[in-house]
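Novice: This is the structure I have questions about; it appears just below.
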Amino acid sequence: MNTPKSSRKVGTEIKALKWLLRHPGATVGPGALVGTGLELGWSATGGITGGTASALLCWYRAHPDTFDHYAAPRLRAWRRRWSAYFGPRFTRALRACDMYVTDRKTGEDLFPRITRLRSFSPSVDVVTLALARGQARRSIEESLERLADTLKVQRIAFEHPKPGYVALIIERSEPFTETIPAPEMPDTVDAVDVNDIYVGDTEYGTDWRLKVAGTHVFVAGATGAGKNSIVMSMLRGLAPLIRDGLVRLWVCDPKQLEFRKFADGGVAHRYADNEQDCAELVDDYVNDLRCVQQQFAATGTRKITISRETPLNLLIIDEIGALLAYGDGSIARNLRKQLAIVGSQGRATGHGMTALVQEPTKDTVPVRELFPTRICLRVTAQSHVDMVLGDGARLRGALADEIPNVPDTAGIGYVVRQRTRVPQRVRAAYVDDREIDELITFIRSGRPVTGLSVVA
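End of the sequence shown sits at 520 in the working numbering; the numbers just go up one at a time, nothing left out.
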């Protein structure tokens with residue numbers, strides 16, 4: 065039989081004891097300092113403390129890479145735990161945003177409790193909360209915008225790590241204040257992993273990497289949002305494979321801008337720049353896919369091995385809306401059918417596609433659900449965010465419609481982390497015209513050329 069619930073509140077001294085048990089550092093640190101002072105003397109204790117501080121300072125100045133990786137996140141998390149998320153300030157913010165529940169029996173207000181704080185970078189904190197009894201995570205998720213304004217931070221994203229807990233990804237300031245240089249081009253095929261191509265940075269200060277083989281990539285963003293830099297970064301990472309015939313590029317380029325340079329000199333396996341030619345190119349692409357399917361069926365192969373005989377084929381469509389929604393109706397209908405075949409069957413045969421679009425509506429891109437990898441850069445409407453990243457993405461913190469329309473924000477956007485489904489802010493590396501020319505020269509020459517950004 066369940067024990068009847070009392071109407072009396074837990075004593076204050078018991079609450080304090082529980083708090084001390086949950087935060088041993090609050091007593092162990094001062095206790096160790098006092099104990100050392102009494103045992104060794106205050107002069108020796110001061111010397112040890114000063115020596116430790118001097119050692120940290122020397123580490124900070126002498127080896128920034130290791131200090132920023134190992135020490136800085138822990139020191140920053142400790143400081144922010146006590147300065148920003150401890151005490152009545154954070155509790156008042158939760159109360160103001162109705163992020164608490166009231167015990168019906170005792171009338172006591174129950175707030176979610178901070179169990180962990182990680183500070184991966186100077187601009188982003190991850191605060192894990194244990195929900196109060198009777199509190200639903202949905203109530204936290206629906207109040208994120210109000211909490212961000214209350215705490216005076218840029219944005220707050222939402223993650224559900226396990227039952228009874230939520231994690232708030234708190235972006236305190238803009239993590240991307242500088243342009244990210246173009247990725248270096250590997251010199252050899254062995255240096256390329258088609259499932260791990262560097263294209264930029266994440267808000268946590270880590271590399272943003274994309275899988276190219278076995279997926280399709282959908283990039284949405286308004287004019288000037290930086291869509292092409294994502295594709296160009298991918299191609300720079302694949303440069304040795306393109307050079308050696310292990311990756312073939314099929315380019316549909318209705319805009320006839322950046323990809324125009326791929327038309328000549330054997331860089332693209334196929335290139336088209338008008339509706340009719342693009343339709344024929346896609347037809348041939350599907351025919352190539354069918355041929356590989358027949359080869360696999362004859363040999364009992366289930367997974368492609370990239371080689372000259374069975375290369376990885378990449379279909380790149382710059383502004384897919386111009387082909388599927390804005391052009392000739394009969395051509396668009398055939399293209400929708402053919403691209404649906406590529407989207408549903410091409411991953412197994414090494415036929416992937418990367419599509420760029422400004423307006424990601426279903427009317428413009430009816431095949432958008434066939435793209436497993438989706439990237440949302442700056443867009444012009446709130447609804448576009450969920451159209452690209454999935455239902456509820458904006459509610460969970462993907463505020464792509466609020467990215468300022470200025471050149472300094474080009475390449476900034478959001479992706480959804482596959483394991484947790486939480487939106488992550490990213491920025492693509494910037495590839496300028498000179499670096500596109502370097503890529504083309506590298507592919508044409510068959511060997512590194514002087515002055516190229518290459519790495520073995």
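Using N, Cα and C, we set each Cβ at its ideal position, and we do this for glycine too. Here the structure is a predicted model, which means the values were calculated and not measured.
What are the start and end residues of the beta strand (DSSP E) that includes ASN259?
Specialist: Taking the sequence shown and counting its residues from 1, the one referred to as residue 259 is at position 195. Looking at the DSSP string, ASN259 is not in any beta strand (DSSP E), and its letter there is neither H nor E.
Novice: Residue range of the beta strand (DSSP E) that PRO137 falls in?
Specialist: One-based indexing of the sequence shown puts residue 137 at position 73. First-last for PRO137: 136-147, but that is the alpha helix (DSSP H), not the beta strand (DSSP E).
Novice: Enumerate, from N- to C-terminal direction, the unbroken alpha helix (DSSP H) stretches of 4 or more residues contained entirely within the segment 450-517.
Specialist: 497-509
Novice: Compute the beta-carbon to beta-carbon distance between LEU274 and VAL256, rounded to the nearest angstrom, for a pair I have assumed lies under 8 Å.
Specialist: Sequence index remark: in the sequence shown, residue 274 carries index 210 (1-based). Sequence index remark: in the sequence shown, residue 256 carries index 192 (1-based). 13 Å between Cβ atoms; not a contact.
Novice: Spell out a yes or no on whether the segment 162-177 and the segment 212-219 are touching, meaning 3 or more CB-CB pairs, one atom from each, closer than 8 Å.
Specialist: no
Novice: Please say whether VAL449 and LEU434 have beta carbons closer to each other than 9 Å?
Specialist: Start at 1 with the first residue of the sequence shown, and residue 434 comes out as number 370. Start at 1 with the first residue of the sequence shown, and residue 449 comes out as number 385. It is not a contact, given that the beta carbons lie outside the stated cut-off.
Novice: Mind checking whether CYS316 and ASP392 have CB atoms under 9 Å apart?
Specialist: Along the sequence shown, read from residue 1 onward, the residue named residue 316 stands at position 252. Along the sequence shown, read from residue 1 onward, the residue named residue 392 stands at position 328. Result no, Cβ atoms of CYS316 and ASP392 do not sit closer than 9 Å.
Novice: Would you mind stating whether THR374 and GLN359 have Cβ atoms separated by less than 9 Å?
Specialist: By one-based count along the sequence shown, residue 374 stands at place 310. By one-based count along the sequence shown, residue 359 stands at place 295. Cβ atoms of THR374 and GLN359: closer than 9 Å.
Novice: Give me the Cα-Cα distance between ARG491 and ARG432, rounded to the nearest whole angstrom.
Specialist: Counting from 1 along the sequence shown, the entry for residue 491 is found at position 427. Counting from 1 along the sequence shown, the entry for residue 432 is found at position 368. If you draw a straight line from the Cα of ARG491 to the Cα of ARG432, it is about 22 Å long.
Novice: Identify, in the order they occur along the chain, each residue of the same chain with its Cβ nearer than 6 Å to the Cβ of LEU313, setting aside the five sequence neighbours on each side.
Specialist: In the sequence shown, counting from the first residue as 1, residue 313 sits at position 249. Within the same chain, LEU313 has close Cβ partners ALA332, HIS333 and LEU378.
Novice: Roughly how many whole angstroms lie between the Cα atoms of VAL46 and LEU399?
Specialist: Residue 46 is absent from the model: the chain starts at 65 and stops at 520.
Novice: According to DSSP, simplified to helix, strand and coil, what is SER297?
Specialist: As a first step, residue 297 must be located in the sequence shown, where it is residue number 233. Reduced to three states, the DSSP call for SER297 is helix.
Novice: Do THR484 and GLU223 have their beta-carbon atoms positioned less than 9 Å apart in this structure?
Specialist: Indexing the sequence shown from 1 puts residue 223 at position 159. Indexing the sequence shown from 1 puts residue 484 at position 420. Less than 9 Å separates the beta-carbon of GLU223 from that of THR484.
Novice: Inspect the beta-carbon positions of GLY288 and ILE476 and report whether they are closer than 9 Å.
Specialist: Numbered from 1 along the sequence shown, position 224 holds the residue referred to as residue 288. Numbered from 1 along the sequence shown, position 412 holds the residue referred to as residue 476. By the CB criterion at 9 Å, GLY288 and ILE476 fall outside the cutoff.
Novice: Whole angstroms are fine: how far does the CA of ARG197 sit from the CA of THR243?
Specialist: On the sequence shown, residue 243 is found 179 positions in, with the first residue counted as 1. On the sequence shown, residue 197 is found 133 positions in, with the first residue counted as 1. Cα-Cα distance, rounded: 45 Å.
Novice: Got a sec? Which residues, its chain only, sit under 6 Å from THR166 by beta carbon, not counting five neighbours each side?
Specialist: Against the sequence shown, residue 166 aligns to sequence position 102. Here the set comprises ASP173.
Novice: With DSSP collapsed to three states, give me the class of VAL217.
Specialist: In the sequence shown, residue 217 corresponds to position 153, counting from 1. DSSP places VAL217 in coil when its eight states are reduced to three.
Novice: Nearest CA to the CA of ARG180: which residue from PRO471, LEU195 and ASN338?
Specialist: To locate residue 180, count along the sequence shown from 1; it is residue 116. It is LEU195 whose Cα lies nearest to the Cα of ARG180.
Novice: Kindly indicate which three-state DSSP category TYR548 falls into: helix, strand or coil?
Specialist: Past the edges of the chain, shown from 65 to 520, lies residue 548, and the structure says nothing about it.
Novice: One question on the structure: do ALA135 and TYR149 come within less than 9 Å of each other, judged by their Cβ atoms?
Specialist: Looking up residue 135 in the sequence shown gives position 71. Looking up residue 149 in the sequence shown gives position 85. No. Outside cutoff.
Novice: Which residue spans inside the segment 365-432 form an unbroken beta strand (DSSP E) run of at least 3?
Specialist: DSSP assignment within the segment 365-432 yields the following whole beta strand (DSSP E) runs of 3 residues or more, N-terminal first: 376-382 and 415-421.
Novice: Return the first residue and the last residue of the alpha helix (DSSP H) that LEU232 is part of.
Specialist: Locating residue 232 in the sequence shown gives position 168, where the first residue counts as 1. Premise fails: LEU232 lies in the beta strand (DSSP E), 229-235, not in any alpha helix (DSSP H).
Novice: For ILE504, which residues from the same chain have a beta carbon less than 8 Å from its beta carbon, with the 5 sequence-adjacent residues on both sides left out?
Specialist: In the sequence shown, residue 504 corresponds to position 440, counting from 1. Within the same chain, ILE504 has close Cβ partners LYS325, PHE326, GLY329 and VAL331.
Novice: How about the segment 291-305 and the segment 335-346: do they share at least three Cβ pairs that are nearer than 8 Å?
Specialist: no
Novice: Looking only at its chain, what residues have a beta carbon closer than 7 Å to the beta carbon of CYS161, apart from the 5 residues adjacent to it on each side?
Specialist: Along the sequence shown, read from residue 1 onward, the residue named residue 161 stands at position 97. Hits under 7 Å: SER207, ARG210, LEU211 and THR214.
Novice: Using the C-alpha atoms, what's the distance from ARG307 back to VAL568?
Specialist: Because residue 568 is not part of the residues shown, which for the chain are 65 to 520, the question remains open.
Novice: Buried or exposed: where does SER509 fall if 16 or more other Cβ atoms within 10 Å of its Cβ makes it buried?
Specialist: Your numbering for residue 509 matches position 445 in the sequence shown. Classification for SER509: exposed.
Novice: Would you report the Cα separation of LEU299 and ILE380, rounded to the nearest angstrom?
Specialist: Taking the first residue of the sequence shown as position 1, residue 299 is located at position 235. Taking the first residue of the sequence shown as position 1, residue 380 is located at position 316. If you take the alpha carbons of LEU299 and ILE380, they lie about 11 Å apart.
Novice: Under 8 Å by Cβ, that's how I've got ARG140 and SER203 pegged, so tell me the actual separation to the nearest angstrom.
Specialist: As a first step, residue 140 is located in the sequence shown; it is residue number 76 there, counting from the start. As a first step, residue 203 is located in the sequence shown; it is residue number 139 there, counting from the start. Taking C-beta atoms under 8 Å as the contact rule, ARG140 and SER203 fail to qualify, at a distance of about 29 Å.
Novice: Alpha helix (DSSP H) containing ARG438: first to last residue?
Specialist: What you label residue 438 is simply residue 374 of the sequence shown in a count that begins at 1. That residue, ARG438, is in no alpha helix (DSSP H); its beta strand (DSSP E) goes 437-441.
Novice: Return the CA-CA distance between TYR390 and GLU238, expressed in angstroms with no decimal places.
Specialist: One-based indexing of the sequence shown puts residue 390 at position 326. One-based indexing of the sequence shown puts residue 238 at position 174. Going from the Cα of TYR390 to the Cα of GLU238 covers about 36 Å.
Novice: Check ILE178 in the structure and name its three-state DSSP category.
Specialist: Numbered from its first residue, the sequence shown carries residue 178 at position 114. It is a strand residue.
Novice: Quick check on the DSSP output: what are the complete beta strand (DSSP E) runs of length 3 or more inside the segment 322-359, in order along the chain?
Specialist: For the segment 322-359, the continuous beta strand (DSSP E) assignments of 3+ residues that do not extend past its boundaries occur at 334-336, in sequence order.
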